[in-house]
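Novice: Sending over a structure as structure tokens; questions will come in a sec.
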């Protein structure tokens, strides 16, 4: 009999999900609390909830195809697809539903995620069909607090900030970003370099830009961590599935930092 991956074998969890056994247990509890557990009548799932969550987390982490994932869990390709479709909405970072406190400082930036769905992607500066994902993190805790709706990869950040809805999830907080967010007066950006013939920036502005750069780098570290879940490097999900993957990875990343 071929060996399959199971959640009751803890050695598989960090290898295939990037989470410790404790963090994975918290993830399963979150999904169960959101209604991921099967209730009522109807055909039963062939795998228990923990194994189904493990399948989705492994799918995000490794970016194997469903045809490759299915044999690892002893299910058919179609069953693996149904599991991902069913659990993905339960395994996401919940959107911010209230205003942040005025003393909260967030950092926002966009990253390009290569995406196969041509209906929601566009050729971007990396010459691949990509989506622009706007992500906001807390500057102090470095936890992800918002993931905007995916937009075509040729959409610039200043427009994607509002079109993705991430601006509404940052409401009430001080928001830091790079110079690409011109046109959003509520966003704190570095002082622009003077044009040719203009006087140089005074030293105090240069010092502020240095501090701004150092703090804003935290969101770049966030992107590097999120993209260790390889589905964000070549996403085959379609339509809303792209956001489910990004928001699910944001939730798992947060668990690695607090649990």
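Numbering (the UniProt record's numbering), first residue to last: 1 to 259. Ideal placement from N, C-alpha and C gives every residue a C-beta, glycine not left out. Just so we're clear, the structure is a prediction, and the values are computed from it rather than from any experiment.
Figure out for me which residue from 119, 131, 6 has the closest Cα to the Cα of residue 72.
Specialist: Among 119, 131, 6, the Cα nearest to that of residue 72 belongs to 6.
Novice: Here's the rule I'm using: 16 or more other beta-carbon atoms within 10 Å means buried, otherwise exposed. How should residue 171 be labelled?
Specialist: Classification of residue 171: exposed, given that the 10 Å Cβ count is below 16.
Novice: Determine, using beta-carbon pairs with one atom in the stretch 75-86 and one in the stretch 113-132, whether at least three such pairs fall under 8 Å.
Specialist: Output reads no: the stretch 113-132 does not touch the stretch 75-86.
Novice: Around the Cβ of residue 190, are there at least 16 other Cβ atoms within 10 angstroms (buried) or fewer (exposed)?
Specialist: Classification of residue 190: buried, given that the 10 Å Cβ count is 16 or more.
Novice: Checking the sheet assignment: what are the DSSP bridge partners for residue 134?
Specialist: BP columns for residue 134 point to 110.
Novice: Taking the alpha-carbon positions, what's the residue 257 to residue 250 distance?
Specialist: Straight-line Cα distance between these residues: approximately 11 Å.
Novice: Answer with yes or no whether the minimum CB distance from residue 118 to chain D is below 7 Å.
Specialist: Checking the listed chains, one finds no chain D in this structure; it contains a single protein chain.
Novice: Measuring only the C-alpha atoms, how far is residue 129 from residue 44?
Specialist: Computed Cα separation, rounded: 38 Å.
Novice: Answer yes if the stretch 101-113 comes into contact with the stretch 227-247, meaning at least three C-beta pairs across the two stretches below 8 Å, and no otherwise.
Specialist: They touch, by the three-pair rule.
Novice: In terms of residues, what are the limits of the alpha helix (DSSP H) holding residue 226?
Specialist: Residue 226 -> alpha helix (DSSP H) spans 203-226.
Novice: Please work out which residues of its chain come closer than 6 Å, Cβ to Cβ, to residue 124, disregarding the five sequence neighbours upstream and downstream, and give them in chain order.
Specialist: Excluding residues within five positions, the ones whose Cβ falls inside 6 Å are 112, 130, 153, 154.
Novice: Quick one: give me the first and last residue of the beta strand (DSSP E) that residue 147 is part of.
Specialist: First-last of the beta strand (DSSP E) with residue 147: 144-147.
Novice: Less than 7 Å between C-beta atoms, sequence neighbours within five positions excluded: which residues of the same chain meet that for residue 179?
Specialist: Only 189, 190, 192 meet the Cβ criterion.
Novice: If we ignore side chains and look at the alpha-carbon of each, how far apart do residue 143 and residue 78 end up?
Specialist: Going from the Cα of residue 143 to the Cα of residue 78 covers about 35 Å.
Novice: Can you tell me which of the three DSSP states residue 267 falls into?
Specialist: Given that the chain is displayed from residue 1 to residue 259, the structure contains no residue 267 and the question cannot be resolved.
Novice: Taking residue 156 as the reference, give the member of 95, 109, 146, 27 with the closest Cα.
Specialist: Out of 95, 109, 146, 27, 109 has the C-alpha closest to the C-alpha of residue 156.
Novice: Tell me, please, which residues DSSP counts as bridged to residue 187.
Specialist: DSSP lists 175 as partners of residue 187.
Novice: Classify residue 58 as buried or exposed, calling it buried when 16 or more other Cβ atoms lie within 10 Å of its own Cβ.
Specialist: Residue 58 should be labelled buried.
Novice: Which one of 164, 95, 228, 49 has the shortest CA to CA distance from residue 14?
Specialist: Residue 228 is the option with its Cα nearest to residue 14.
Novice: Only counting the same chain, and skipping five residues up and downstream in sequence, which positions put a Cβ closer than 8 Å to that of residue 65?
Specialist: For residue 65, where only same-chain residues beyond five positions count, the Cβ hits under 8 Å are 236.
Novice: Please classify residue 13: does DSSP put it in a helix, a strand, or coil?
Specialist: Looking at residue 13 - three-state DSSP - the assignment turns out to be helix.
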